[in-house]
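Below is one structure, written out as structure tokens, with a few remarks after it.
Number of protein chains: 2
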Amino acid sequence: MKYKLAFIGYGVVAQGLTEILIEKEEILKEKYDLEFAVVAISDIKKGSVYDENGLDMKNILELVRQGKQIDKYPSGIKGMDSVQTIKETNADVIVEVTFTDVKTGEPALTHIKTALENKKHVISTNKGPVVKKAGELLQLAEKNGVSYGFEGVVLAGTPAINLAQYTLAGNTISGFKGILNGTTNYILTQMENGMSYDEALEKAQELGYAEADPTGDVEGLDALGKVVILCNVILGKKITWDQVERKGITNISIDDIKKAKQEGKRWKLIGKAEIKQDGSLFAQVLPERLPLTDPLAGVMDATNALTYHTDELGSITIVGPGAGKRETGFSLLIDLININANLTSKK
Amino acid sequence: MKYKLAFIGYGVVAQGLTEILIEKEEILKEKYDLEFAVVAISDIKKGSVYDENGLDMKNILELVRQGKQIDKYPSGIKGMDSVQTIKETNADVIVEVTFTDVKTGEPALTHIKTALENKKHVISTNKGPVVKKAGELLQLAEKNGVSYGFEGVVLAGTPAINLAQYTLAGNTISGFKGILNGTTNYILTQMENGMSYDEALEKAQELGYAEADPTGDVEGLDALGKVVILCNVILGKKITWDQVERKGITNISIDDIKKAKQEGKRWKLIGKAEIKQDGSLFAQVLPERLPLTDPLAGVMDATNALTYHTDELGSITIVGPGAGKRETGFSLLIDLININANLTSKK
Numbered sequence: 003m004k005y006k007l008a009f010i011g012y013g014v015v016a017q018g019l020t021e022i023l024i025e026k027e028e029i030l031k032e033k034y035d036l037e038f039a040v041v042a043i044s045d046i047k048k049g050s051v052y053d054e055n056g057l058d059m060k061n062i063l064e065l066v067r068q069g070k071q072i073d074k075y076p077s078g079i080k081g082m083d084s085v086q087t088i089k090e091t092n093a094d095v096i097v098e099v100t101f102t103d104v105k106t107g108e109p110a111l112t113h114i115k116t117a118l119e120n121k122k123h124v125i126s127t128n129k130g131p132v133v134k135k136a137g138e139l140l141q142l143a144e145k146n147g148v149s150y151g152f153e154g155v156v157l158a159g160t161p162a163i164n165l166a167q168y169t170l171a172g173n174t175i176s177g178f179k180g181i182l183n184g185t186t187n188y189i190l191t192q193m194e195n196g197m198s199y200d201e202a203l204e205k206a207q208e209l210g211y212a213e214a215d216p217t218g219d220v221e222g223l224d225a226l227g228k229v230v231i232l233c234n235v236i237l238g239k240k241i242t243w244d245q246v247e248r249k250g251i252t253n254i255s256i257d258d259i260k261k262a263k264q265e266g267k268r269w270k271l272i273g274k275a276e277i278k279q280d281g282s283l284f285a286q287v288l289p290e291r292l293p294l295t296d297p298l299a300g301v302m303d304a305t306n307a308l309t310y311h312t313d314e315l316g317s318i319t320i321v322g323p324g325a326g327k328r329e330t331g332f333s334l335l336i337d338l339i340n341i342n343a344n345l346t347s348k349k
Numbered sequence: 003m004k005y006k007l008a009f010i011g012y013g014v015v016a017q018g019l020t021e022i023l024i025e026k027e028e029i030l031k032e033k034y035d036l037e038f039a040v041v042a043i044s045d046i047k048k049g050s051v052y053d054e055n056g057l058d059m060k061n062i063l064e065l066v067r068q069g070k071q072i073d074k075y076p077s078g079i080k081g082m083d084s085v086q087t088i089k090e091t092n093a094d095v096i097v098e099v100t101f102t103d104v105k106t107g108e109p110a111l112t113h114i115k116t117a118l119e120n121k122k123h124v125i126s127t128n129k130g131p132v133v134k135k136a137g138e139l140l141q142l143a144e145k146n147g148v149s150y151g152f153e154g155v156v157l158a159g160t161p162a163i164n165l166a167q168y169t170l171a172g173n174t175i176s177g178f179k180g181i182l183n184g185t186t187n188y189i190l191t192q193m194e195n196g197m198s199y200d201e202a203l204e205k206a207q208e209l210g211y212a213e214a215d216p217t218g219d220v221e222g223l224d225a226l227g228k229v230v231i232l233c234n235v236i237l238g239k240k241i242t243w244d245q246v247e248r249k250g251i252t253n254i255s256i257d258d259i260k261k262a263k264q265e266g267k268r269w270k271l272i273g274k275a276e277i278k279q280d281g282s283l284f285a286q287v288l289p290e291r292l293p294l295t296d297p298l299a300g301v302m303d304a305t306n307a308l309t310y311h312t313d314e315l316g317s318i319t320i321v322g323p324g325a326g327k328r329e330t331g332f333s334l335l336i337d338l339i340n341i342n343a344n345l346t347s348k349k
């Protein structure tokens with residue numbers, strides 16, 4: 003099938019997806035019968051453009067690389083805001099990748115709701131709406147006969163959510179345990195290699211893993227958001243931020259790390275949750291000393307990992323990248339391929 | 003949808019699936035709209051029975067537990083052989099789980115071909131036919147509008163094949179590296195814990211991991227079969243047994259293991275393959291000393307693991323059980339759920 007995409011937000015992740023789409027155009031058509039045109043882009047800073055027949059995305063990427071506004075594109079309709087772009091263009095898939103407040107979920111929440119109400123598929127890497135309203139949005143999508151894909155909100159393009167929902171189907175998943183934040187795992191790895199916390203943080207910032215204000219990562223807030231998402235989406239248990247015990251890595255010293263190493267252990271920031279016998283939920287984000295025999299202990303640098311606890315297979319762990327322009331952009335392609343697989347088999 | 007299953011072979015794996023189907027009957031109906039009846043069983047030693055309206059599987063399991071013949075079942079048609087059962091019953095899904103020569107693929111190969119030619123879906127844990135004829139059988143299935151599922155041939159119910167085919171869709175997979183045999187990994191783990199090779203092997207046999215003749219495991223033949231399967235099915239490269247360099251674990255001494263440990267490394271039997279720049283394939287099964295920072299190094303006991311090398315996501319690793327009655331039985335349910343998902347969405 004052929005899809006008409008509209009990007010709401012056109013930052014790094016959107017550009018990553020664009021690169022992949024351009025490079026893989028042939029393969030996607032041949033292997034998955036998946037064709038596409040990008041008909042609209044609306045970015046609050048970079049401007050907007052709409053052409054119902056499709057934009058030349060190489061041209062768009064070139065404009066962005068040169069630091070120019072998107073509305074310098076030589077043709078098309080300019081000036082449509084995000085909600086107009088969602089409602090009034092002929093796009094049938096909305097790629098929601100705005101900068102969004104993870105606590106309120108806005109403006110992504112409004113974008114996604116508007117798109118689903120207008121019977122348009124949504125693929126998004128925004129955590130906020132999933133943290134706040136996953137159940138409601140998925141219901142809205144089902145009611146309107148469209149999909150809401152968000153593989154990228156946990157472990158970027160590493161297919162953690164699809165693994166649980168599709169390939170582990172038939173299992174009952176009772177809990178999980180994971181290294182859900184790449185920045186902190188990178189810092190802990192570098193501290194084991196001899197850097198101080200401050201040096202490791204600085205290096206993480208240099209590499210683009212950590213932001214100028216690293217609080218969200220090092221205090222465990224980012225991992226917490228992912229725990230909340232996995233509880234809601236995978237375990238089917240409603241939980242909010244304040245119900246999860248949380249501690250970051252800022253109190254772990256070089257001495258702690260050395261001591262653990264001597265004992266054949268390794269510090270990791272672990273986000274986990276488990277449905278208890280009585281049906282209630284236990285969830286926390288906490289640094290733990292894992293034995294080196296734990297599959298999560300060998301996960302180093304910015305790599306992420308997630309172990310699901312299942313009734314039929316015991317522990318199933320997936321290990322892969324947790325961030326990155328292409329890696330996160332790719333998660334949107336996984337969602338798009340899923341939409342296509344469903345629609346193609348319905349023909 | 004409702005499926006009529008026929009078991010060809012009724013050993014441990016078939017019984018594992020039966021237990022799961024009985025226990026999960028309600029969930030499968032509610033969650034996946036998947037209903038089933040087992041209409042026939044044909045086992046070369048335990049006898050056969052066919053009832054077009056379905057057998058009482060609790061009754062069958064009880065007969066088997068008591069060591070009785072299946073044809074002691076109180077009703078139904080007795081005495082049909084495997085090919086008759088495939089051709090002449092009303093079954094629409096053939097569960098092929100016979101004891102099969104992994105080198106010739108028989109008798110499973112004949113069973114699977116016959117089933118597909120008769121437009122019946124096949125789900126199977128038999129490695130032989132996949133090693134010998136994966137491509138041909140998949141084509142035959144497609145031609146006849148049915149499915150051939152074999153998730154269980156690598157890593158039992160750990161969804162290694164589905165991960166590559168569905169959830170990593172859109173990636174180009176250029177190679178893999180894995181701990182593909184549970185027995186040898188168990189032996190190496192126990193040797194690190196202080197047992198001799200002979201003690202560890204004996205313990206593995208006690209636990210049912212290793213067979214009386216352990217050659218297939220310890221000489222790397224089992225891992226080799228899985229490398230051949232993954233090359234053919236995932237990398238799309240035809241390769242045969244004799245093209246893969248192979249070495250088992252029988253020459254690894256306690257001293258080797260201690261020495262590796264002192265150097266922060268760990269011996270693992272690794273099966274791997276990589277498509278080279280010129281398009282040719284490099285494949286081998288060999289014991290390797292992995293650094294403890296390798297995600298495969300922390301995979302202990304009988305657990306298996308597989309790392310795929312992808313273009314968009316780099317390395318993606320899945321870790322889980324590689325054997326077991328329920329775990330392997332469950333792989334057949336994954337295949338059945340896949341068949342159902344395809345057919346249901348086509349309605």
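Taken in order, these protein sequences are the chains called A and B. Counting from 3, one number per residue, gives the positions in the first sequence under this note's numbering. Counting from 3, one number per residue, gives the positions in the second sequence under this note's numbering. Where is the CB? At the ideal position from N, CA and C, for every residue including glycine.
Its chain contains Ala206, Tyr211, Asp303 and Ala304 as the residues whose beta carbon lies nearer than 6 Å to that of Tyr188 (chain A), once the 5 sequence neighbours on both sides are disregarded; these appear in chain order. The continuous stretches of beta strand (DSSP E) do not include Asp296 (chain B), and DSSP gives it neither H nor E. If one requires a minimum length of 4 residues, the alpha helix (DSSP H) runs lying completely within the region 250 to 289 of chain B are 256 to 264, in chain order. About 4 Å separates the Cβ atoms of Thr174 (chain A) and Asp313 (chain A), confirming a contact at the 8 Å cut-off. Residue ranges of uninterrupted beta strand (DSSP E) with 3 or more members, entirely inside the region 73 to 144 of chain A and ordered along the chain, are 95 to 98 and 123 to 126. Straight-line spacing of the CA atoms in Asp215 (chain A) and Thr185 (chain A) works out to 12 Å. Ile320 (chain A): member of the beta strand (DSSP E) spanning Gly316 to Pro323, first to last residue.
Per DSSP, reduced to three states, the secondary structure at Lys6 (chain B) is strand.
Within chain B, no residue has its beta carbon less than 9 Å from that of Glu290 (chain A); the closest one is some 14 Å off. Of the candidates B:Ser176, B:Gly159, B:Phe178 and B:Ile125, the residue whose Cα lies closest to the Cα of Thr169 (chain A) is B:Gly159. Contacts with chain A at 7 Å (Cβ-Cβ) include Met302 (chain B). The residues Arg268 and Leu292, in chain order, have a CB closer than 6 Å to that of Ala299 (chain B) in the same chain once the five nearest residues on each side in sequence are set aside.
For the region 193 to 218 of chain B, there are no residues whose beta carbon sits under 8 Å from a beta carbon of chain A. Taking CB atoms only, Glu314 (chain B) has a neighbour in chain A less than 7 Å away.
Contact between the region 85 to 105 of chain B and the region 120 to 130 of chain B is established, with three or more Cβ pairs separated by less than 8 Å. Interface annotation, Gly322 (chain B): in contact with chain A, CB-CB separation under 7 Å. A:Glu27 is the residue among A:Ile22, A:Glu27, A:Gly13 and A:Leu19 whose C-alpha sits nearest the C-alpha of Met3 (chain A). Rounded to the nearest whole angstrom, the C-alpha separation of Lys263 (chain B) and Gln264 (chain A) is 13 Å. Listed along the chain, the chain A residues whose CB falls inside 7 Å of the CB of Ala299 (chain B) are Gly300.
A direct Cα-Cα distance of roughly 7 Å separates Ile259 (chain A) from Met193 (chain A). Under the Cβ criterion (8 Å, minimum of three pairs), the region 332 to 345 of chain B does not count as touching the region 322 to 332 of chain A. By the Cβ test, the region 106 to 113 of chain A is not in contact with the region 55 to 71 of chain A, since fewer than three Cβ pairs between them sit closer than 8 Å. Lys74 (chain A) has its alpha-carbon roughly 9 Å from the corresponding atom of Lys80 (chain A). DSSP, read as helix, strand or coil, puts Tyr188 (chain A) in helix.
Excluding residues up to 5 positions away in sequence, Tyr34 lie with their Cβ nearer than 8 Å to the Cβ of Ala343 (chain A) in the same chain.
Contact of Gly18 (chain A) with chain B is not assigned, every C-beta pair being separated by 7 Å or more. Taken atom to atom, the span from the alpha-carbon of Ala117 (chain A) to that of Lys6 (chain B) is near 42 Å. Assignment of Tyr199 (chain B) by DSSP, reduced to helix, strand and coil, places it in the helix class. Counting only the Cα atoms, Ala325 (chain B) lies some 12 Å from Ala307 (chain B). Taking a C-beta distance under 7 Å as the contact criterion, Ala93 (chain A) and Val41 (chain A) qualify as a contact pair. Assigned with DSSP and collapsed to three states, Gly49 (chain A) falls in strand. Counting the other CB atoms within 10 Å of its CB gives Leu182 (chain B) a total of 16 or more, which places it among the buried residues. Leu140 (chain A) is outside the set of residues whose beta carbon lies under 7 Å from a beta carbon in chain B. With a beta-carbon spacing of about 6 Å, Ile43 (chain A) and Ile72 (chain A) fall inside the 8 Å limit used to define contacts. For Leu226 (chain A), the enclosing alpha helix (DSSP H) covers residues Leu223 to Val235.
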